[in-house]
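Visitor: Note that UniProt numbering numbers the sequence shown so that position 81 is 81, with each residue one more than the last. By construction, the Cβ of each residue, glycine as well, lies at the ideal position given by its N, Cα and C atoms.
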Amino acid sequence: MLAARWATGSFHEFLLAETLFLLAPLVLVPLGLPLTAVPVRSGRPSRLFTLLEVLPLPSALALVPAFALELPWLARVALGLPYLLFTLCAALHGVVRLAGRSAFLVEELVIDVALLCPLGGAVWMMTWLGDFSLLGFQGLWVLLTAVHFHFAGFGCLLIAGLLGRLLWSRRTWAPRAWRLHPVVAVGLMGAFPLLAAGIAGQRALEVLGVSLYVLLLPMLAGLLLVGAAGVDSRGVGRWLLVGSGLAVLGSTTLAGLWGLLRPSPVTLPTMLRFHGTLNALGFVGLGVLGLRLLHPVSRANPAGVVFSRLGSRGRTGPRFFERLAPPDGRRPTGLVDDFSEYARPDFDPLRLSPEVRRFYEHTAEYRLWVVPDWKPGFRLGGRLWGWFARRVQQLVLPHDTHLQRHGVKGSIVAVDDGADGRERVRGWIRTHVSDGSPIYVAAYSSHVAGAMRYMNIAFPLPFSNMTSILRIDHDAPGGTGLKLTSCASEDAPGGDQGVYLAHRLLALRLPLNETIWVWSAEGTPRTEPPCDEPAVVLRARHEMWFFGRKYLELHYFIERLAGAGPG
C-alpha cells in the first residue's frame, strides 16, 4: 500500500487519516451503538442486537494489523471482512428499528439513518485495504471518504437524534429549540448524500451539500448549547455537550472555506489536521460521550407487540377459520367479551351509549349496510386493489361510487389462541348479503401496554397478515360515541397504535391509518348523512388514509337483527 500512499499524498497525511478512521470502529461505534438499542418489554434484547454487542470489539481489533502492517492486499481485505459484516448487521438493526416503530419520530428516524452510514464507510474501507479504486477515487480520497461516512454520517446524525431525545424531555423548558430540531435533523439527513453525490462529480450538488452543512451545523451547535443548559450543572455530560457545540463551529468554518471557494484558501493537509481532528475528537467525540453519559430516553414505545401468526397460503376466504377451532369450545358472541376491560382514567366505557357497547359485545346480532365514498385521485387505485382483493378473498373494499348501499352480514367464531399467538382470539367473517361473496376475515384480540389496552385486529394475507392496532377513546369530551384509531395522539406519539404488515420474522409499519367512529342513532352528529330508517340503531364512519391523505370513507348503517335479545 506504500505505493498508493506516496502516489497521492505524504506519509504523515495518511498516518493521520488512518488514525482518525480507526477511532471510529475502536471508539465511536462501540460508544454510540448502545444508545440505539430499542427498549423491549420482555427485558431481553433481540438476537440481532445481542449479536451487535458481541461483534464490535473483535471486528475492530482485526483492523489494527490491517492498517498498521504491510500485508498482502488479500490478507488486509480478509481482516476487514468482520467489520464489514458488523456494519451490515448495524444497518439491518436500523431498518428493523424503523420498520417496527408505531409513530413517525424525527429524532429516531435520524438514528435509523445514522446506523446505515458505517456500512458505506466499511465499503470504502475495503476499497482502501484492497488498494482498489471506487467511482474514480483512489488513494487518500478513498480513505477520507471512509472517515466521512463514520464521523460526518454516523457520528453527526447520531448526535442529532440523541439531542432530539434530550430536547423532547425538556420541550416545555425550551419549546423553540424543540420545534427547530426537526428542521435541522431532516436537513442533515439530506446534506450528507448531497455532499457525497457532489464529490463524486456533480459540483452543484457539492455546493448545495456544503451550504446545508454550513447553515445547519451552527444551528445544531446552538441546540447542543441549549440542551446542555437544561442539564444538571454538576454533571460532566453538560460540559462535554458545550465542548462539542464549540468544536463544530470551528470545523464548519473550515468546511465552508474548503467546499464553497475555488480555489480554496484552505489546503488539504490543513483540512485533515484541523477540520478532521476537530470533527472526530471535538464535535463527534465529545458529543457522543456527553450524550452517552446523559443517556436521553426515547419516547418510542418499547418493542414487543404480540402480533398474530396467522397467514393464508393463497386465498383467505370465509372458511379460513374452520381449521382453527379452539379445543375449549368457546363461543364468543362479540368482538369483545366485556368492554369494561378497556377502562382507564381517561376512558369510561360506562359513559358509552348502551347500544354502542352492546354492538361490540354481541356483534353477531347486528347487520350492517355500508356506503362507500372514494376520494378523488384514489378511485382507480381502489379498483386495482379490488382486483387483487377479490382473488385472495380478503379486504374487498366496496368500490361503487354512486352512494349505493351494500348489505353486510357477519358471523363471530372462536379461534385457537395457540395457532394465533394472542389471547382470547375470535374471528369476524363479513360477507355480502346479496351473493355471499367475501368482504373480509379478521381475527380480533387485544393487548395491554402500560395503562392502555389496544384492540389488536389481524387480517390474514398470503404468508403474512395486516394488523391494525387501535387506540380506543370517546368520540368527544362528554360524548356517548366511540372512536377507534390507529393514528398517534400528540400526547402519546409513541403508542402501539398503527397499521402493520406482520410476518413471523418482522413487523413493518405501513403508511396507512384508519379511524372508526361509532354512535347510537340518536347520538349521531348532524354532520353525518341523514337517515330516516327506524330500524337503524347505530351509525358509524370509517376513515382511511394513505401517506396522510384520506382515500376512502365508509358510512355504516347498523340494524339489530330480528329475534336478537333486548338491549
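Just the C-alpha distance for Glu108 and Leu20, rounded to the nearest angstrom, thanks.
Guide: 27 angstroms
Visitor: What residue range is occupied by the uninterrupted alpha helix (DSSP H) comprising Phe557?
Guide: Not the alpha helix (DSSP H): Phe557 falls in the beta strand (DSSP E), residues Arg549 to Arg560.
Visitor: I need the DSSP call for Pro82, collapsed to helix, strand or coil.
Guide: Reduced to three states, the DSSP call for Pro82 is helix.
Visitor: Ignoring anything shorter than 3 residues, give me the beta strand (DSSP E) runs that lie fully in the segment 259-312, in order along the chain.
Guide: Counting whole runs of 3 or more residues, the segment 259-312 contains no beta strand (DSSP E) stretch at all.
Visitor: Round the Cβ separation of Ala442 and Ser102 to the nearest angstrom and send it over; I've been treating them as touching at under 8 angstroms.
Guide: The Cβ separation is near 19 angstroms, so there is no contact.
Visitor: Three-state secondary structure (DSSP) at His399?
Guide: Looking at His399 - three-state DSSP - the assignment turns out to be coil, as it is neither helix nor strand.
Visitor: Between which residues of its own chain and Thr515 is the CB-CB distance below 8 angstroms, once the five residues before and five after are set aside?
Guide: Around Thr515: Lys483, Leu484, Thr485, Ser486, Cys487, His542 and Glu543.
Visitor: Quick check: the Cα distance between Leu554 and Val370, rounded to an integer number of angstroms?
Guide: 6 angstroms
Visitor: Please report the distance separating the alpha-carbon of Leu116 from that of Ala389.
Guide: 35 angstroms
Visitor: Rounded to a whole number of angstroms, what is the C-alpha to C-alpha distance between Pro332 and Arg422?
Guide: 16 angstroms
Visitor: Output the boundary residues of the alpha helix (DSSP H) element that contains Glu70.
Guide: It is not in any alpha helix (DSSP H) - Glu70 carries neither H nor E in the DSSP assignment.
Visitor: Between the segment 111-129 and the segment 75-83, are three or more C-beta pairs nearer than 8 angstroms?
Guide: Cβ pair count under 8 angstroms is three or more, so yes.
Visitor: Within the same chain, show all residues whose beta-carbon is closer than 6 angstroms to that of Leu240, passing over the 5 residues directly before and after it, in chain order.
Guide: For Leu240, where only same-chain residues beyond five positions count, the Cβ hits under 6 angstroms are Leu286, Leu289 and Gly290.
Visitor: Determine the direct distance from the alpha carbon of Pro511 to that of Leu281, and round the result to whole angstroms.
Guide: 39 angstroms
Visitor: For Asp420, which three-state DSSP category applies?
Guide: helix
Visitor: Counting only beta-carbon separations shorter than 8 angstroms, does Ala389 have a partner in chain D?
Guide: Absence of chain D from the displayed structure is noted, only one protein chain being present.
Visitor: Going by the CB atoms, is the gap between Phe49 and His93 shorter than 8 angstroms?
Guide: yes
Visitor: Can you list, in chain order, the residues of its chain with a C-beta nearer than 8 angstroms to that of Arg383? Leave out the 5 residues immediately preceding and following it.
Guide: His399
Visitor: Report yes if the CB atom of Leu157 is closer than 8 angstroms to the CB atom of Val113, and no otherwise.
Guide: yes
Visitor: Are the Cβ atoms of Val408 and His447 separated by less than 8 angstroms?
Guide: no
Visitor: Going by CA-CA distance only, name the one from Gly386, Ser42 and Val29 that's closest to Leu57.
Guide: Val29
Visitor: What residue range does the alpha helix (DSSP H) around Thr127 cover?
Guide: Cys117 to Leu129
Visitor: What's the gap between the Cα of Asn16 and the Cα of Tyr500?
Guide: What sits at residue 16 in the sequence shown is Leu, not Asn. In a straight line, the C-alpha of Leu16 is about 47 angstroms away from that of Tyr500.
Visitor: Where does Thr253 sit, in a helix, a strand or coil, going by DSSP?
Guide: Looking at Thr253 - three-state DSSP - the assignment turns out to be helix.
Visitor: Does DSSP classify Thr172 as helix, strand or coil?
Guide: Of the three classes helix, strand and coil, the one that applies to Thr172 here is coil, per DSSP.
Visitor: Check His503 in the structure and name its three-state DSSP category.
Guide: coil
Visitor: Which residue comes first and which comes last in the beta strand (DSSP E) that contains Leu512?
Guide: Run containing Leu512: Leu512 to Ser520, per the beta strand (DSSP E) assignment.
Visitor: In three-state terms, what does DSSP make of Ala196?
Guide: helix
Visitor: Taking all protein chains shown into account, decide if Thr267 is buried (16 or more other Cβ within 10 angstroms of its Cβ) or exposed.
Guide: exposed
Visitor: Which term fits His181, buried or exposed, when burial requires 16 or more other beta carbons within 10 angstroms of its beta carbon?
Guide: Residue environment: His181 is assigned as buried (16 or more neighbouring CB atoms within 10 Å of its CB, all protein chains considered).
Visitor: For Gly155 versus Val284, is the C-beta spacing smaller than 8 angstroms?
Guide: Their beta carbons are under 8 angstroms apart, which means Gly155 touches Val284 by this criterion.
Visitor: Going by alpha carbons, who is nearest to Gly311 out of Glu53, Leu33 and Thr467?
Guide: Ranking the options by Cα distance to Gly311, first place goes to Thr467.
Visitor: Apart from the five residues just before and just after Leu2, which ones in its own chain have a Cβ nearer than 8 angstroms to its Cβ?
Guide: For Leu2, the pLDDT reaches just 44, beneath the cut-off of 50, and the residue's location in the model is therefore unreliable, although a value from the coordinates is still provided. Glu70, listed in sequence order.
Visitor: Using CA atoms only, rank isn't needed, just tell me which of Leu26, Leu368, Ala68 and Gly227 is closest to Thr172.
Guide: Among Leu26, Leu368, Ala68 and Gly227, the Cα nearest to that of Thr172 is on Gly227.
Visitor: Mapping DSSP to helix, strand and coil, what is Val106?
Guide: helix
Visitor: Note down, in chain order, each residue of its chain lying with its Cβ closer than 6 angstroms to the Cβ of Gly130, except the 5 sequence neighbours on either side.
Guide: Trp73 and Val77
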